[in-house]
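Accompanying notes for the structure given below.
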Amino acid sequence: MEGLVRNLYLTALVGMMALGRALSAQPGGDRATSIKPGESCPPGMTEIRPRSCMGPESTAPSILDYRPRSTLVVPEHMVKKARYPAIDFHGHPQGMLGSVESLARLGADLDSLNVRMMIVANNVSGDALKRTVATVNASPSMKDRVRVLTGINFQSVGPEWAERAVAQLEADVAAGAVGIGEIGKGFGQSIRKADGSRLALDDPALDPIWEAAARLRLPVFIHTGDPQEFYKPVDYTNERWLELSLFPGRRVSPDQHPNFDELMKERDNLFRRHPKTTFVAAHMGWHANDLGRLGKMLTEMPNVYVDVGAVLYDIGRQPRAAHDFFVKFQDRILFGKDSYQPEEYPYYWRVFETNDDYFDYYRHYHAFWKLYGIGLPDEVLKKVYYKNALNITPRLPQAGWPR
Ligand SMILES: [Zn+2]
Numbered sequence: 002m003e004g005l006v007r008n009l010y011l012t013a014l015v016g017m018m019a020l021g022r023a024l025s026a027q028p029g030g031d032r033a034t035s036i037k038p039g040e041s042c043p044p045g046m047t048e049i050r051p052r053s054c055m056g057p058e059s060t061a062p063s064i065l066d067y068r069p070r071s072t073l074v075v076p077e078h079m080v081k082k083a084r085y086p087a088i089d090f091h092g093h094p095q096g097m098l099g100s101v102e103s104l105a106r107l108g109a110d111l112d113s114l115n116v117r118m119m120i121v122a123n124n125v126s127g128d129a130l131k132r133t134v135a136t137v138n139a140s141p142s143m144k145d146r147v148r149v150l151t152g153i154n155f156q157s158v159g160p161e162w163a164e165r166a167v168a169q170l171e172a173d174v175a176a177g178a179v180g181i182g183e184i185g186k187g188f189g190q191s192i193r194k195a196d197g198s199r200l201a202l203d204d205p206a207l208d209p210i211w212e213a214a215a216r217l218r219l220p221v222f223i224h225t226g227d228p229q230e231f232y233k234p235v236d237y238t239n240e241r242w243l244e245l246s247l248f249p250g251r252r253v254s255p256d257q258h259p260n261f262d263e264l265m266k267e268r269d270n271l272f273r274r275h276p277k278t279t280f281v282a283a284h285m286g287w288h289a290n291d292l293g294r295l296g297k298m299l300t301e302m303p304n305v306y307v308d309v310g311a312v313l314y315d316i317g318r319q320p321r322a323a324h325d326f327f328v329k330f331q332d333r334i335l336f337g338k339d340s341y342q343p344e345e346y347p348y349y350w351r352v353f354e355t356n357d358d359y360f361d362y363y364r365h366y367h368a369f370w371k372l373y374g375i376g377l378p379d380e381v382l383k384k385v386y387y388k389n390a391l392n393i394t395p396r397l398p399q400a401g402w403p404r
């Protein structure tokens, strides 16, 4: 009897061990583990079946080295030159404005892209502005192709600041400035008033300058803050992890004041306070990843325009929504490139003009995804490329553009 009990016990034990082996014999063996609903896989593993995680057999490449070649075969339409002559409203042609010769090189670059005119948004004023205008005027081939925005000196805002700033603005306009900008992202973030406090974007002390811009019909080109991911913890869920790791100076502490939403609120207050002033929010106001929000803003504030500089990665990853947005707000969007790299413009033309699928963006660290063409109609292209810029900037040469 004792022997029988022992046998039964041993049989049960062996059976339980077999069951245990069967249960753990999921794909991947030791490399697999299971998780509870709602949990994510441990580092180094990926979810291969519901709640079942596994790590690769060999060491995984870093995100820098993983460069899979797409096997997708679809029509490709490379667009070297814009279909219509373009105005680059967000120009920073570094080192090309100093002489008639360098301007001629800029002209050759722009010709190869069909960019007819560049608006220099280098925030210059006074003598520096006069020098640039003089060089442009001395260039037979470029005198109608480069225009300059003037800068506002926001240092030490206090008593009598506005009077001086407006006088300088008027002098710069007399010297040839066609608008104001690019007001940099320090405005609202780091610039201090004479009394040491932070200069808020909607500070009433600045009202006279915005009123002067309206009176002189100068568009105000303004860059506020950074992409919202720059204000988030730099962990592996951050879409811009690689960029923020390559350029740690771009990180904004998550508890910094003002944070992203505080800045945007101040900016919108500024836009609302001055309905007669035309504002151009650079980089689609950093809302290209949330076109619903941007659409609300444009609907609510008819004096606000946006440029598309450096946010192509957001436009091209939502081709249907972006197409509809550009059609709906076709009078409010301006082409602008920002960083001057001639080889990057054709990516914009391809996104705007074609319906191509799934192609590379020019800057991998901005975007871990592919782009798609948004196939804009001709009339929308003309508005985005030049008509809207001409409309809001009456001091631009208005003759000779296609109707
Ligand atoms: Zn810029």
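In terms of the numbering used here, the sequence shown is residues 2 to 404. All residues carry an ideal CB built from backbone N, CA and C; glycine is no exception.
Three-state secondary structure (DSSP) of Val6: Any reading at Val6 is ruled out, since the residue's pLDDT is 48, under 50, leaving its predicted position unreliable.
Paired residues, beta bridge with Glu161 - DSSP: The partner list for Glu161 (beta bridge, DSSP) is empty, contrary to what the question assumes.
Three-way DSSP call (helix, strand, coil) for His91 in this model: strand
Contact the stretch 103-110 vs the stretch 374-382: 3+ CB pairs below 8 Å: no
Nonlocal neighbours in the same chain, by C-beta distance under 7 Å from Arg241, ignoring five residues either side: Pro228, Glu230 and Phe231
Coil, strand or helix - Gly182 by DSSP: strand
Inter-residue CB distance, Gly152 and Lys194 (contact presumed, cutoff 8 Å): In fact, because the Cβ distance is near 18 Å, the residues do not count as touching under 8 Å.
Residue environment, His91, which counts as buried when at least 16 other CB atoms sit within 10 Å: buried
Lining residues of ligand 1 - beta-carbon closer than 5 Å to any non-hydrogen atom, in sequence order: Glu183 and Asp339
Minimum C-alpha distance to Arg396 - residue among Gly45, Ala129 and Gly177: Gly177
Val222 (DSSP reduced to helix, strand or coil): Looking at the sequence itself, residue 222 is Phe, so the reference to Val does not match. Looking at Phe222 - three-state DSSP - the assignment turns out to be strand.
Segment contact, 8 Å Cβ cut-off, at least three pairs: the stretch 331-350 with the stretch 59-69: no
CB contact flag (Leu310, Met298, <9 Å): In the sequence as presented, Leu is not what sits at residue 310; that position holds Gly. In this structure, Met298 does not lie closer than 9 Å to Gly310 by Cβ.
Candidates Leu98, Asn123, Trp162 and Ala168, of which the one nearest Lys407 by Cα: In this structure the chain extends from 2 to 404, so residue 407 is not present and cannot be described.
Paired residues, beta bridge with Ile334 - DSSP: Val307
Neighbour-count burial assignment, Lys388, 16 or more Cβ in a 10 Å radius: buried
Cβ pair Leu377, Phe353 closer than 9 Å: yes
Residue interval of the alpha helix (DSSP H) (run including Phe327): Pro320 to Lys329
Own chain partners of Ala149 with C-beta closer than 8 Å, once the 5 adjacent residues on each side are dropped: Position check: residue 149 holds Val in this sequence, whereas Ala was assumed. Cβ neighbours of Val149 beyond the five flanking positions: Ile120, Val121, Asn123, Val125, Leu130, Thr133, Val134, Val137, Gly177, Ala178 and Val179.
Where the alpha helix (DSSP H) through Phe353 begins and ends: Tyr346 to Glu354
Runs of beta strand (DSSP E) wholly within the stretch 254-283 (minimum 3 residues, chain order): 280-282
Contact check, Leu372 vs Tyr386, beta carbons under 9 Å: no
Secondary structure of Phe188, DSSP reduced to three states: coil
Environment of Ala400 [buried if 16+ CB atoms lie within 10 Å]: exposed
DSSP beta-bridge partners of Arg404: Arg404 is not bridged to any residue.
For Arg165 and Ala206, the rounded distance between their alpha carbons: 12 Å
Met79 in three-state terms, based on DSSP: coil
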